[in-house]
Amino acid sequence: MLLPSDQVQRSIQLVKGVTPKNHSDEKLQAGHTFHLFLKLSLELRLLIWEQTWPEPRLIEAAICEDETTIEYEDVAILRFAGSLSTLLDVNFGTRIIEQGPAVSCPPPVSLYVCHESRKHTLKQYRLMKHTNAKAGSFYFNPRHDVLWFSFDFTDEPDYLRDLLRCYGKQLNDIESVLVEEAEWEELTPARYKSNYLSRLRGLKSITVLFRDDEDKDEDSVQDVDEENDGGEIANDEDNMELNNRHDCSEGLDTEVRKLQARADELKGEYVNLSRNQ
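Counting from 1, one number per residue, gives the positions in the sequence shown under full-length UniProt numbering.
Structural data, given as structure tokens:
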């Protein structure tokens with residue numbers, strides 16, 4: 001017999017460690033059990049465990065202390081930077097490899113509730129274990145979580161060698177990669193894939209992130225205006241050049257807005273697809 005939806009929702013909240021509304025803290029003290037949970041069908045219980053899983057997250061490369069050496073040495077690791085939806089709303093491309101995570105990303109709570117929840121969670125989540133640093137070990141969902149390499153990482157070949165040495169074939173479990181447009185174009189897609197992605201044997205998708213350069217273009221035009229406002233009289237040739245710059249900037253702004261709109265559409269489609277999988 002299925003339970004009312006409000007009781008099912010209450011069981012989900014209890015698993016997540018959230019106090020349901022209209023229930024006093026006294027009734028939900030540590031050790032409180034939702035006794036009817038086991039009377040739910042297996043299918044429904046598994047759906048409840050899945051509701052506790054985190055949303056898609058961004059995996060980034062970072063550095064930390066190598067725990068296997070006597071003297072201090074840096075070693076490259078992979079770790080979560082934060083939820084994908086949060087980081088896509090900010091310019092995370094400026095992050096440096098020494099920074100800490102933007103948002104804490106604990107492992108799925110369902111890994112530690114009971115045998116059933118752990119077994120079901122491990123059907124989707126895999127352990128990425130670093131041989132030289134505990135900070136580089138974590139559980140991730142290959143179907144949802146996305147890998148991203150910062151400029152700091154790709155500028156230093158030793159970092160990639162660290163990942164290959166300390167993760168080995170585990171890197172083949174990564175299925176999705178996010179690449180920023182600037183680096184994708186600078187190296188060319190063929191070189192980027194050859195240099196950084198060729199060792200990811202299980203890679204299935206590469207998402208290129210387009211950034212809006214409109215602010216940068218407006219700043220360059222504003223600099224020209226301020227220079228002319230400083231008392232210097234521009235001649236006809238200078239005025240013509242300035243007008244041409246404005247015209248080019250307006251045309252570029254239009255194209256940038258179109259690209260940004262398309263990028264937003266792709267971002268929304270990706271997030272929806274990840275949630276539905």
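For every residue, glycine included, the Cβ atom is placed at its ideal position computed from N, Cα and C.
If you look at L78, you'll find it in the beta strand (DSSP E) that goes 74 to 83. The continuous alpha helix (DSSP H) containing I48 extends over residues 42 to 51.
Here the segment 101 to 109 makes no contact with the segment 151 to 168; the two share fewer than three CB pairs at distances below 8 Å. Counting the other CB atoms within 10 Å of its CB gives V146 a total of 16 or more, which places it among the buried residues. Rounded to whole angstroms, the gap between the alpha carbons of K169 and D89 is 32 Å. For V109, the three-state secondary structure derived from DSSP is helix. Around the beta carbon of R201, a 10 Å sphere encloses fewer than 16 other beta carbons of the protein chains shown; the residue is thus reported as exposed. Counting along the chain, T33 sits inside no alpha helix (DSSP H), nor does DSSP assign it H or E at all.
For E180, there is no enclosing alpha helix (DSSP H); the enclosing beta strand (DSSP E) has its first and last residue at 176 to 180.
Sequence-distant Cβ neighbours of K119 in its own chain, meaning closer than 8 Å and more than five residues away, do not exist here. Taking the Cβ atoms as the reference, G93 lies roughly 5 Å from E180, within the contact range of under 8 Å. A direct Cα-to-Cα measurement between E50 and T121 gives close to 8 Å.
Here the alpha carbons of P54 and Y139 stand approximately 11 Å from one another. Apart from sequence neighbours up to five positions away, the residues of its chain that approach S83 with a beta-carbon distance below 8 Å are P54, E55, P56, R57, L58, V103, C105, ordered along the chain. In this structure, T154 sits away from S176, with a CB-CB distance that is not shorter than 8 Å. Scanning P101, T188, L178 for the CA closest to the CA of A135 turns up P101.
L87 is positioned such that its CB atom lies no closer than 8 Å to that of A61. Here the alpha carbon of N141 sits roughly 20 Å from the alpha carbon of R45.
In the DSSP assignment, V146 forms a beta bridge with L58. Here H144 is buried. Its C-beta has 16 or more other C-beta atoms within 10 Å. Around the Cβ of I96, a 10 Å sphere holds fewer than 16 other Cβ atoms; the residue is exposed. Comparing C-alpha distances from E98 to each of R165, A81, L38 shows the shortest one belongs to A81.
CA-CA distance, D173 to R165, rounds to 15 Å. Taking all protein chains in view, the Cβ of Y196 is crowded by 16 or more other Cβ atoms within 10 Å, so the residue is classified as buried.
L178 is not a Cβ neighbour of L171, given a cutoff of 8 Å. Here DSSP, grouped into helix, strand and coil, assigns L200 to coil.
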